[in-house]
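Top to bottom, those sequences are chains U and E.
Position one of the first sequence corresponds to residue 0 (numbering that gives the first Met the number 0), numbered consecutively onward.
Position one of the second sequence corresponds to residue 0 (numbering that gives the first Met the number 0), numbered consecutively onward.
This report concerns only the one structure given below.
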Amino acid sequence: MKSNIRDRALKWSLWFYLALIFIFVFSPILASVVFSFNSQRFPTIPLGEFSLEWYAAIFADPEVWEAAGRSLMVSLCTAVLATFIGFCTAYTDYRYNFRFKGVFLALALLPPTIPLIIMALAMLAWLSRIGASGQVWSIIIAHTVLTAPFAMAIIRLRLSQMDESLESAAWNLGANQWAAMRYVIFPFSKPAIISALCLTAAVSFDEFAVAWFVSGLNKTIPVVILEIVQGNIDPRVNAIGSFVFLTSMTLVITAQLFYMSKQNKDDS
Amino acid sequence: MIPDMSEPLIEFENVTKRFGNFTAVDDVSFAIAPGEFISLMGPSGCGKTTSLRMLAGLEVPDSGEIRINGKRMNEIKANERDTPLVWQSLALFPFLNVQDNVEFGLKMRGIDGPTRKKKASEWLRKLEIEEFAGREISQLSGGQRQRVALARALVLEPEVLLLDEPLSALDAHLVIRMQQVLTRLQKELGITFVYVTHSQSEAFAMADRVIIMGNGQIAQIGSGKDVYRSPSNRFVAEFVGRNNIFSGKVLKKNSKKIRIKTAAGSFDVPNDGQTIFELGAPLSFSVSADFMTLHTKLPSEKALENLIPVTLISEEFIGSVVTLFFEGPNGTELKCQIQERELGDVDMKSACEFYLSWPVSRGHILEETL
Numbered sequence: 000m001k002s003n004i005r006d007r008a009l010k011w012s013l014w015f016y017l018a019l020i021f022i023f024v025f026s027p028i029l030a031s032v033v034f035s036f037n038s039q040r041f042p043t044i045p046l047g048e049f050s051l052e053w054y055a056a057i058f059a060d061p062e063v064w065e066a067a068g069r070s071l072m073v074s075l076c077t078a079v080l081a082t083f084i085g086f087c088t089a090y091t092d093y094r095y096n097f098r099f100k101g102v103f104l105a106l107a108l109l110p111p112t113i114p115l116i117i118m119a120l121a122m123l124a125w126l127s128r129i130g131a132s133g134q135v136w137s138i139i140i141a142h143t144v145l146t147a148p149f150a151m152a153i154i155r156l157r158l159s160q161m162d163e164s165l166e167s168a169a170w171n172l173g174a175n176q177w178a179a180m181r182y183v184i185f186p187f188s189k190p191a192i193i194s195a196l197c198l199t200a201a202v203s204f205d206e207f208a209v210a211w212f213v214s215g216l217n218k219t220i221p222v223v224i225l226e227i228v229q230g231n232i233d234p235r236v237n238a239i240g241s242f243v244f245l246t247s248m249t250l251v252i253t254a255q256l257f258y259m260s261k262q263n264k265d266d267s
Numbered sequence: 000m001i002p003d004m005s006e007p008l009i010e011f012e013n014v015t016k017r018f019g020n021f022t023a024v025d026d027v028s029f030a031i032a033p034g035e036f037i038s039l040m041g042p043s044g045c046g047k048t049t050s051l052r053m054l055a056g057l058e059v060p061d062s063g064e065i066r067i068n069g070k071r072m073n074e075i076k077a078n079e080r081d082t083p084l085v086w087q088s089l090a091l092f093p094f095l096n097v098q099d100n101v102e103f104g105l106k107m108r109g110i111d112g113p114t115r116k117k118k119a120s121e122w123l124r125k126l127e128i129e130e131f132a133g134r135e136i137s138q139l140s141g142g143q144r145q146r147v148a149l150a151r152a153l154v155l156e157p158e159v160l161l162l163d164e165p166l167s168a169l170d171a172h173l174v175i176r177m178q179q180v181l182t183r184l185q186k187e188l189g190i191t192f193v194y195v196t197h198s199q200s201e202a203f204a205m206a207d208r209v210i211i212m213g214n215g216q217i218a219q220i221g222s223g224k225d226v227y228r229s230p231s232n233r234f235v236a237e238f239v240g241r242n243n244i245f246s247g248k249v250l251k252k253n254s255k256k257i258r259i260k261t262a263a264g265s266f267d268v269p270n271d272g273q274t275i276f277e278l279g280a281p282l283s284f285s286v287s288a289d290f291m292t293l294h295t296k297l298p299s300e301k302a303l304e305n306l307i308p309v310t311l312i313s314e315e316f317i318g319s320v321v322t323l324f325f326e327g328p329n330g331t332e333l334k335c336q337i338q339e340r341e342l343g344d345v346d347m348k349s350a351c352e353f354y355l356s357w358p359v360s361r362g363h364i365l366e367e368t369l
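Right under this line is the structure:
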């Protein structure tokens, strides 16, 4: 009986602890969302009235629109390129054994471990040296380098769950290498590929440091946000921030859902 | 029963396959006639699966030649051969439903949609799973998946079907059921089946001939009865059935019998006259455990020449048959297999001395090659 009470106490305290963590993580974001609908200029309590004026302000601002469009395009292109490269790397790892494979994998997974500022500076130095900085596609190149390892990790995990005879079975039934890739490897990896597309798009959409260094005059949304903040305290930031957060979270959650639903189905 | 080998369907000629330092298949030669049900049998790592994979083109031999219908296959790619394989894991495509799984091979051969659909339905019907055509693989039971795997391979209507331990994941009662399905299919279709297994009950139940492999080499080829009753060497005698194996030296011989001195005593085996054994030459023979007779006191009959005093070690009860394990003189291990109902007449508890005997004619000489 006593242990029962103790168990229950432990359970509730763990729930409480979990709740605290979530509050700690999400309250700043929540505050930003709340203040984005607040009529007052400064983020203070008590709140003013409910207002859409800051949203109206950013929607009226052509610079924000331009940056949003650019961000969208960059993240789309980045997602496609990074996922393609990630898939190729993951498949190479799955299918072939070769000398220095460990080195190959380490190199492929390296970019996210480099501090962003260092990465950004290096990218700027290198891209400007070859005359490719300050363009929209400079950001795409930089973001592809940055996000391809995420795509690779996701797809590699999926391939590792594949019955090794599946590809051989396709060959055995008359599929050549390309047909086996198209009709077996690709459909099997599809949930992971969609996850990778969403996740790399989200990372690229949010990414500030590298974009700020290599974008030149082609500002992306995070860069615009920083410029607004640098000038003064402006509640428009809350409005843009909420919009960016919503976009990224949608992508990330979609990625998760795709991955989980497919796995449950395979396990059943 | 020797099948007609004038025009064999499949031939292995001195085939060798190495993986690094490990020789998986070592200079193997055999031939399979059209329409035969052949079982490649042996312990794990004996080279049976590698042989099958070479036949399917999934491995390339290092030396030797593999021929199908007299045509050299070594350089033919897996996807250009007509050798569908039923995999141990079944390897069904989880992202396709039953119908699309069965149609896969036809699609890869560029056959048009309506024909594919018709053929797939036909084979689903033959394997009694047409009602599951629209199901996902994950919704099927083990036995149903097995049938889908068979349909996916047979829909190509090949001359030879390769099977790699396809029943190893099934429950015991389903194994028997699937054995009947396979045997019936093979007889009806007249297709050559090459069936890899480590289970002698599966091999003996279905195969016309059994190829027993050990350490990458062929230990014996013959009918199930041949290898069971007349193992040609020690390896087969140990792998197949429940054999008592004795090793010793030729003590004396006449035209009918050879007397062999072993650690457990001296015993007679029949002299078939085919091989000439020198006096003192090393010789092994086997006696199947079910030919052993158990006595609880020293038998009086003089006729029982091959008699060993033994002590009981343990017993193994599997339904109607019981295997008793004994220790003979000088630590010799001996086995005796008798019907459970016969054992009921023997008072195992109070009996303190046991004897095993067997007729001279049941001794079987082993070639000492493996």
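Beta carbons are placed, not taken as given, at the ideal position from N, Cα and C, and that holds for glycine.
- Rounded to the nearest whole angstrom, the C-alpha separation of Leu-161 of chain E and Leu-250 of chain E is 48 Å.
- Annotation: Cβ neighbours of Ser-167 of chain U in chain E (cutoff 7 Å, chain order): Leu-57.
- Distance between Phe-49 of chain U and Phe-244 of chain U, taken at the CA atoms: about 20 Å.
- Pairing Ser-231 of chain E with Gln-219 of chain E gives a Cβ-Cβ distance under 8 Å.
- The C-alpha of Val-359 of chain E lies about 29 Å from the C-alpha of Gly-41 of chain E.
- Contiguous beta strand (DSSP E) elements confined to the region 174 to 218 of chain E occur at 191 to 196 and 208 to 213, taking only those with 3 or more residues.
- Against chain U, the CB of Asn-20 of chain E has no partner CB under 8 Å away; the residue lies outside that interface.
- Between the alpha carbons of Ser-265 of chain E and Glu-315 of chain E lies a distance of about 28 Å.
- With a threshold of 16 other beta carbon atoms within 10 Å, Ser-62 of chain E falls short and is exposed.
- For Ile-312 of chain E, same chain residues with a beta-carbon under 7 Å away, outside a window of 5 residues either side, are Phe-324, Phe-325 and Glu-326 in chain order.
- Pro-83 of chain E and Ala-152 of chain E do touch by the CB rule: their CB atoms are close to 4 Å apart, below 8 Å.
- Contact check between the region 172 to 181 of chain U and the region 24 to 41 of chain U: fewer than three CB pairs, one atom from each, fall below 8 Å, which does not count as touching.
- Taking 8 Å as the CB threshold, Trp-125 of chain U stays off the interface with chain E.
- At a cut-off of 8 Å between C-beta atoms, Leu-172 of chain U counts as an interface residue with respect to chain E.
- In the structure shown, the three-state DSSP call for Gln-160 of chain U is coil.
- For Cys-335 of chain E, the three-state secondary structure derived from DSSP is strand.
- Under the Cβ criterion of 8 Å, Ala-178 of chain U is counted among the residues facing chain E.
- Residue burial is scored here from C-beta neighbours: Pro-113 of chain E has fewer than 16 other C-beta atoms within 10 angstroms and is therefore classed as exposed.
- Each residue's CA atom was taken as its position, placing Leu-216 of chain U and Leu-106 of chain U some 32 Å apart.
- Taking C-beta atoms as the reference points, Gly-189 of chain E and Gly-343 of chain E fail to come closer than 8 Å.
- Nearest CB-CB separation between Ala-77 of chain E and chain U: below the 8 Å threshold.
- Minimum Cα-Cα distance from Ala-119 of chain U among the listed residues U:Ala-8, U:Phe-207, U:Ile-192 and U:Leu-13 corresponds to U:Phe-207.
- One Cα belongs to Leu-108 of chain U, the other to Phe-99 of chain U, and the distance between them is close to 14 Å.
- In this structure, the CA atom of Ser-229 of chain E is about 39 Å from the CA atom of Glu-163 of chain U.
- Gly-19 of chain E counts as exposed, since fewer than 16 other beta carbons sit within 10 angstroms of its beta carbon.
- In this structure the region 53 to 67 of chain U does not lie against the region 113 to 131 of chain U, because fewer than three pairs of beta carbons, one per stretch, are closer than 8 Å.
- Those residues of the region 186 to 218 of chain U placed with their C-beta closer than 7 Å to a C-beta in chain E are Pro-186 and Phe-187, ordered along the chain.
- Annotated three-state conformation of Val-144 of chain U is helix, per DSSP.
- Look at Trp-357 of chain E here: in three-state DSSP terms it is strand.
- Taking each of E:Leu-173, E:Gln-145 and E:Leu-282 in turn and checking the Cα distance to His-363 of chain E, the smallest one comes out for E:Leu-282.
- With respect to chain E, the C-beta atom of Val-183 of chain U has a partner C-beta closer than 8 Å.
- At a beta-carbon threshold of 9 Å, none of the residues of chain E lie near Ser-159 of chain U; the nearest stands roughly 15 Å away.
- Within the region 83 to 108 of chain E, Pro-83, Leu-84, Trp-86, Ser-88, Ala-90, Phe-92, Pro-93, Phe-94, Phe-103, Gly-104, Met-107 and Arg-108 place their CB atoms closer than 7 Å to a CB of chain U, listed in sequence order.
- In this structure the region 271 to 285 of chain E touches the region 242 to 257 of chain E; the number of beta carbon pairs closer than 8 Å is three or more.
- Judged by DSSP secondary structure, Val-59 of chain E falls outside any alpha helix (DSSP H); it is assigned neither H nor E.
- Between Phe-103 of chain E and Leu-165 of chain U, the gap from beta carbon to beta carbon reaches 8 Å or more.
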